[in-house]
Every structure is written in C-alpha cells, then in structure tokens.
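In UniProt numbering, the protein residues as written are 7 to 364.
Since the structure comes first, as structure tokens, the remarks are kept for the end.
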Ligand code: CP3
C-alpha cells in the first residue's frame, strides 16, 4: 500500500497521489484503481466484524468505520479508500426513521408522500454525525498518502428510498410524485440537497481528499426528465462544493443517455457503468472531465483470462479520456472472490505503468 508506515506522509500527501492526479486530469505513475463497495461482504474479515453488529450501528461506531474502511486498502493495495457508511446515514441523522435490512436494503418506517413529511427532514451539521467526523479524522492519519473518498447519495436516489419506503425496481411511487406534484417534488429534493451538501461538507472539513455523489438510480429517467426534475438539485450539491478544493465524482447506473447532462452538474469526474465504453462516454461527457469505471462487476466471477482481457480493453478505451480512474461499473458483488480483486489492482498498475514508460 501507499500509506505512510511511520505516520509521516511524504511531502505530496494524498493531494499528489495517482488517484487525485487522475481526477484532476494530470498525468501520474499509473492508472489509479478502487472499487465501489470494496469494503463489504466479499471480505471475510468484514463479515467477522459485522456478525454481531447491525449495519447502521456499525456506521455509527468510529472504531468500526475506521477498521472496515482500512480492510480493502490493506488487502488489495487500492489507490483510494472509501469511507464505510451508507447513503441513508445522513437521512437518518436528519430525523427520518429507517433501517437497513440485510438482503433488502434501506427500509423507511413512514414513507414521504406529503408536504408535512418533507418538513420532517431537518437540516444537519457536524453535531448530528459526530461519528463520521471522528472516523474521517482518524482515517486520514492512518491512511497517510492514500486518499480517502467521502460520499453521499444524490437527491433523486435518496428521494426514491424515502418515497417508495424501500428499494424499488420501477421507482413508480417516486415518479408518480415527481409528475403529479412537481412543487412537492422540488421541495423534497431541495431539502435533500441541503442535507447532502451539509453531510459532504462535514466530511471535507474532517479531511477527505475527494467526494463521490451516488445517483445510483438516475438511469431510470429520460434525459428530459432528468434535466427538469433532478439536475438542478444535483447541481446545487456539486456546484455548492466548487470552493471546497477536493475533486467531485458523480456516478449513476444505466446513465448512457444522461452522461452529458450529469457532466453539467459540476463534477470533475463522471462515473460510467459497463454499458458504455469509456471512449464513447468521453465523447458524450466532453474533454474537461475525467471518467471513472467501468468493469462489469459480474466479469469478476468469470475465469481469469476473461477478467484480464476486459481490464486491458477498459484501460485501452480509458486512454481516450483526459483522466481515468479504474473502477467497476457498479458495486462489488458479495460472491466475488477477494483474490480476484487483488489481482485486478496489480494488473491495472502493471499495464498502465508499463505504458507510461514507453
Ligand atoms: O464502497 C464501500 O465499500 C463503502 C460502503 C458503502 C455502503 N453503501 C455500505 C453498505 C457505500 C458506498 C454504500 C452506498 C450505497 N448504499 C448506495 C450507492 C451505491 C450503489 O450501490 O449504488 C446505495 C444505493 C445504498 C443503499 C443500500 N444499502 C443498498 C442497496 C444496500 C444493499 C442491501 C443488501 O443487503 O443487499 C445497502 C446495505 C449496505 N450498504 C451494505 C453495505 C456493506 C450491506 C449490509 C450488510 O452487510 O449487512
């Protein structure tokens, strides 16, 4: 790993790391790589810690957050850590009664359907999420030169959980509210954008080196509806951080038709899923942003020669972008063999550094 072992980071620190350099479209020693959901159920050391601790409770214990966040860095030698938490943590801190049910995901006790429900979402600050502040401060020390990524859920994806009451394939109730009561929809998303912005500011003030805004379910929308109902709120979050001095990553799934619009929200890096080749994505996003992605997480379940060929293809297509952060197109699947993740990190580093030597 790149973490300083003696607690004294080298002069450059995380800001000079391959990951931050790629986010800023600067050349570096190799293509950086990390994995969405890298700190999770594919790791036996994670399952051991979580065996007796419910998900949300584990997010509220700084010593557990720190340990779980470090596990994939130690094991795989990834170029960045991502804070162990969940997108619903700030919403719970804002006063919404919810739980994360194993095998299901976030479940909301009283879904949001009316103006009075929106009022239940209170503004938050550091004192509402002290465990996040503490964990980030501790992690920044432990990680040395390795950057820590903070994150939050984007207004649309959060709204979907809050309106549906839980995970949804169709987002039908969410869309019914969006189309049926645009005023209430914008009030809800405006409130969520404030919570999200405040939550990201807490993480940035505590020392994260970059942030990722997860709009995982934005791909459920047409470009026109995305622009009308979602983009202003994601822009409020991302552009609201333009003075914060850390790169901003904006990610969604199934967003091939939305990449251009998502790139307008104010991020420095746009995450791309496996459906769109990175050279095509770059063309849609434009030359002033880096890209992140985009190995299909299911490919990691295939024989190694298949994985290797896909990694090489993605690195080659990523060369069309002004900056490339290697990642999966979505999160690590729980049944993934962690040793394959470790091999992918080594391969990405090897292939991309040899290329730089030529
Ligand atoms: O990347 C990381 O390793 C950091 C940890 C992280 C978690 N959730 C931990 C978690 C991150 C970045 C998230 C973000 C998140 N949470 C998103 C956006 C990313 C994405 O996947 O699109 C979303 C949509 C959620 C909501 C959520 N929380 C879902 C859909 C689930 C899965 C439900 C299940 O059990 O299959 C969760 C639970 C969750 N969040 C787990 C973890 C490790 C699993 C809970 C457990 O281990 O018991």
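The C-beta atom is built at its ideal place from N, Cα and C for all residues, glycine as well.
Residue i and residue j closer than 8 Å at C-beta
i: residue 101; j: residue 128; result: yes
i: residue 224; j: residue 198; result: no
i: residue 105; j: residue 62; result: yes
i: residue 304; j: residue 339; result: yes
i: residue 219; j: residue 141; result: no
i: residue 177; j: residue 226; result: yes
i: residue 221; j: residue 245; result: no
i: residue 145; j: residue 154; result: yes
i: residue 173; j: residue 75; result: no
i: residue 133; j: residue 115; result: no
i: residue 260; j: residue 290; result: no
i: residue 91; j: residue 138; result: yes
With 16 other Cβ atoms within 10 Å as the buried cut-off, status of residue i
i: residue 202; result: buried
i: residue 257; result: buried
i: residue 318; result: exposed
i: residue 112; result: buried
i: residue 8; result: Since pLDDT at residue 8 reaches only 42, below the 50 mark, its modelled position is unreliable, and no value is offered.
i: residue 371; result: Because the chain here runs from 7 to 364, residue 371 falls outside it and cannot be looked at.
i: residue 34; result: buried
i: residue 228; result: exposed
Whole-angstrom distance between residue j and residue i, CA atom to CA atom
i: residue 275; j: residue 269; result: 8 Å
i: residue 330; j: residue 89; result: 21 Å
i: residue 78; j: residue 66; result: 19 Å
i: residue 84; j: residue 311; result: 21 Å
i: residue 13; j: residue 72; result: Confidence at residue 13 is low in this model, with a pLDDT of 46, below 50, so the placement of that residue should be treated as unreliable; the coordinate-derived value is given next. C-alpha separation (whole angstroms): 16 Å.
i: residue 180; j: residue 42; result: 25 Å
i: residue 183; j: residue 194; result: 10 Å
i: residue 152; j: residue 19; result: 8 Å
i: residue 136; j: residue 147; result: 17 Å
Nonlocal neighbours in the same chain, by C-beta distance under 7 Å from residue i, ignoring five residues either side
i: residue 130; result: 96, 99, 100, 201, 204 and 205
i: residue 248; result: 272
i: residue 253; result: 26, 29, 30, 216, 274 and 275
i: residue 11; result: Unreliable positioning characterises residue 11 in this predicted model, as indicated by a pLDDT of 46, which lies under 50. The coordinate reading is nonetheless provided below. Here the set comprises nothing.
Sequence-distant residues of the same chain with beta carbon closer than 8 Å to residue i, five excluded per side
i: residue 284; result: 278, 297, 299, 300, 320, 323, 324, 326, 327 and 330
i: residue 281; result: 260, 262 and 335
Any non-hydrogen atom of ligand 3 within 7 Å of residue i CB
i: residue 151; result: For ligand 3, the structure offers nothing, since it holds only ligand 1.
Check: Along the chain, which unbroken stretches of the alpha helix (DSSP H) at least 4 residues long are found entirely within the segment 263–324?
Finding: 265–269, 284–291 and 310–324
Exercise for review: Ignoring anything shorter than 4 residues or poking outside the segment 32–74, list the alpha helix (DSSP H) runs there in chain order.
Suggested key: 50–56 and 61–65
| request: Identify every run of the beta strand (DSSP E) within the segment 116–202, keeping only runs that are complete inside it and at least 3 residues long; order them along the chain. | output: If only uninterrupted beta strand (DSSP E) runs of at least 3 residues are considered, those enclosed by the segment 116–202 are 154–159.
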